[in-house]
Structures are given as structure tokens and as C-alpha cells.
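A.B. asks: Take this structure first; my questions come after.
Numbering (this note's numbering), first residue to last: 823 to 1072.
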């Protein structure tokens, strides 16, 4: 990156991290963006629900890689704590190096009747998967943005996330979900229970999530990238200011 005249990052958090590492060139924060027409609130697909063998219990969803840095063991322990008080079902979409170990841990935690690992899902079904959920839950402390969380907020889901990485840019504590300390399964379970048990809260937080998602519309990100690239010659000549206003703010 030392040869770059300007650098794009998906979030302000990532831009600040580059600054901390000593990167002195102009940095533009441009959201990865999400298709807010495709990922949007809508009617639940009962056919997909049947194919995934889900019933009418509340659904807590995660989509993403199942690797060590995602801290899915915390996710499963929170799920187990929830099921001690509420009959809910937890859905994990994605694969990774931790998949087998996590399946064993889930069994140890007696989650067999509450948990579904769906692996990879056909792209055509992906937006419908979010519509089947009542809340999105992510425990990864290393996100530079999180595509799954972007898709979840665009779909109008309240989110329980860890207060780490760039997740607080998408999840505003008490507004469109809750932020909990990384690694704290008990606090996460409490937040999940609060959302699932309160339909009015869930609805209100979901509406606010949708508004957050609209601020990250894919077309807006593409237009910002186009503008950023078109300004590259001026960046090299020094005619543009070094500090740029992040484009990913809603």
C-alpha cells in the first residue's frame, strides 16, 4: 500500500486501524454495500422453512465462515443458555475449519433439537433465509464490516453483536439491536432473550435496522467508488485534501 495514492476501506473502523499502523495516504471509507432490493423484509418462504426442517419456533440466525476467529463456541454457549429458558431454534449457514468441532460441541451442549447447521445454501434462497429469522446473532470480534450483518440489517432484522471490530457501525446498541462484550455468552443470551420475548421491541428494532441497511445500499457504494476512482489523478497531483469524508455513513 505504500505505493498507493489513496486507499479504500469498507468502514471507518478499518480506516482508523490503517492510520494506527502508520498509513499516511488519503483513506476513503466506502461500504461493501448490500442489494437492499433483494435483501429486504418480506413474506416468509414456508417452502424453504420445510426444506430446512424448521418449525414455528423463533429463529436465531448466523451466516458466515465457521473458523476459529469467529468465536462460534461463544455463539453456541449463548444458544444453550437461551434454550434453558425459551424454546427457540438456532440456524447456522456456512462452512469452515471449525465445523466438525462445533457440531460436537453443540451435541455436548444438548442443542441437537434446537440447532440446524445448513452448510451452504443456494444463492436463490439466501434472501429468503433472512426472512425466516427473528434475530441475527454474530460473535466474531474481528469483522472489518461483516457482509452477513449488512444483509441482516437490510432484511430488517434486529442484531445481537459483539462490541468489537466494525460491528458497532452497523449495530447501534439499544436502537437496532444490542452490543455485548466479546466472549460473553451470558450477556449475549440475555440480549437474545430480551428481543425474542418482546415482539414490539423486535419489530421496532427491525425497522431501524432496515434504515441502517438503506444507508449501505450497493448502488450508493458503486457510485462512491466511481467518484473515488475518477478523482485519482487529482489525488496524485495533490489537488484534493488528504482527509476524506467517509461515504459509508447512513
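Cβ coordinates follow ideal geometry from the N, Cα and C atoms, glycine included.
Go through its chain and collect everything with a Cβ distance to residue 857's Cβ below 6 Å, but skip five positions before and after it.
C.D. replies: Taking the first residue of the chain shown as position 1, residue 857 is located at position 35. Excluding positions up to five away in sequence, the list reads 1040.
A.B. asks: With C-beta atoms as the reference, is residue 966 less than 8 Å away from residue 984?
C.D. replies: Start at 1 with the first residue of the chain shown, and residue 966 comes out as number 144. Start at 1 with the first residue of the chain shown, and residue 984 comes out as number 162. In this structure, residue 984 does not lie closer than 8 Å to residue 966 by Cβ.
A.B. asks: Measuring CA to CA, which of 925, 827, 836, 852 is closest to residue 1046?
C.D. replies: Your numbering for residue 1046 matches position 224 in the chain shown. Residue 1046 has its Cα closest to that of 852, out of 925, 827, 836, 852.
A.B. asks: Can you name the start and end residues of the alpha helix (DSSP H) that residue 852 belongs to?
C.D. replies: Mapped onto the chain shown, residue 852 falls at position 30. Element bounds for residue 852: n/a, residue is neither H nor E.
A.B. asks: For residue 979, name the three-state secondary structure that DSSP assigns.
C.D. replies: Within the chain shown, numbered from 1, the residue matching residue 979 stands at position 157. Reduced to three states, the DSSP call for residue 979 is coil.
A.B. asks: Helix, strand or coil: which one does DSSP assign to residue 948?
C.D. replies: Within the chain shown, numbered from 1, the residue matching residue 948 stands at position 126. Helix, per DSSP.
A.B. asks: Can you find the residues in the same chain that come closer than 8 Å, C-beta to C-beta, to residue 933, ignoring five residues on each side of it along the sequence?
C.D. replies: The residue given as residue 933 occupies position 111 in the chain shown. Excluding sequence neighbours, residue 933 sits near 898, 901, 902, 905, 912.
A.B. asks: Tell me which residues share the same chain as residue 830 and place their Cβ nearer than 6 Å to its Cβ, disregarding the 5 neighbours each side in the sequence.
C.D. replies: For the purposes of this step, residue 830 is identified with residue 8 of the chain shown, where counting begins at 1. Result list for residue 830: 850, 852, in chain order.
A.B. asks: Is the segment 913–928 in contact with the segment 880–899, if contact means three or more CB pairs nearer than 8 Å?
C.D. replies: Yes: at least three Cβ pairs fall under 8 Å.
A.B. asks: Taking Cβ to Cβ, would you say residue 882 is nearer than 8 Å to residue 1005?
C.D. replies: On the chain shown, position 60 is the one that residue 882 refers to. On the chain shown, position 183 is the one that residue 1005 refers to. No. Outside cutoff.
A.B. asks: Write down the C-beta distance between residue 1038 and residue 972 rounded to the nearest angstrom, noting that I regard them as a contact closer than 8 Å.
C.D. replies: For this step, residue 1038 is matched to residue 216 along the chain shown. For this step, residue 972 is matched to residue 150 along the chain shown. With 8 Å as the limit, residue 1038 and residue 972 qualify as a contact, their Cβ atoms being about 6 Å apart.
A.B. asks: Quick check: residue 1043 and residue 855, are their CB atoms within less than 8 Å of each other?
C.D. replies: The count along the chain shown starts at 1 and reaches residue 1043 at position 221. The count along the chain shown starts at 1 and reaches residue 855 at position 33. Yes, they are a contact pair.
A.B. asks: Less than 8 Å between the CB atoms is what I'm expecting for residue 982 and residue 946, so what's the real figure, rounded?
C.D. replies: In the chain shown, the residue the question calls residue 982 occupies position 160. In the chain shown, the residue the question calls residue 946 occupies position 124. Not a contact, Cβ separation roughly 27 Å.
A.B. asks: Is residue 1017 closer than 8 Å to residue 1024 when the C-beta atoms are compared?
C.D. replies: Here the question's residue 1024 lines up with position 202 in the chain shown. Here the question's residue 1017 lines up with position 195 in the chain shown. Their beta carbons are under 8 Å apart, which means residue 1024 touches residue 1017 by this criterion.
A.B. asks: Quick check: what's the CA-CA separation for residue 832 versus residue 1034?
C.D. replies: Here residue 832 corresponds to residue number 10 of the chain shown, with the count starting at 1. Here residue 1034 corresponds to residue number 212 of the chain shown, with the count starting at 1. Between the alpha carbons of residue 832 and residue 1034 lies a distance of about 15 Å.
A.B. asks: Whole angstroms is fine: what's the gap from residue 1021's alpha carbon to residue 1032's?
C.D. replies: Residue 1021 sits at position 199 when you count from the first residue of the chain shown. Residue 1032 sits at position 210 when you count from the first residue of the chain shown. Using only the alpha carbons, I get a separation of about 16 Å.
A.B. asks: If you draw a straight line from the C-alpha of residue 868 to the C-alpha of residue 875, how long is it?
C.D. replies: Numbered from 1 along the chain shown, position 46 holds the residue referred to as residue 868. Numbered from 1 along the chain shown, position 53 holds the residue referred to as residue 875. Taking the straight line joining both Cα atoms gives about 10 Å.
A.B. asks: Which residue comes first and which comes last in the beta strand (DSSP E) that contains residue 938?
C.D. replies: Translated into the one-based positions of the chain shown, residue 938 becomes position 116. Residues 937–941.
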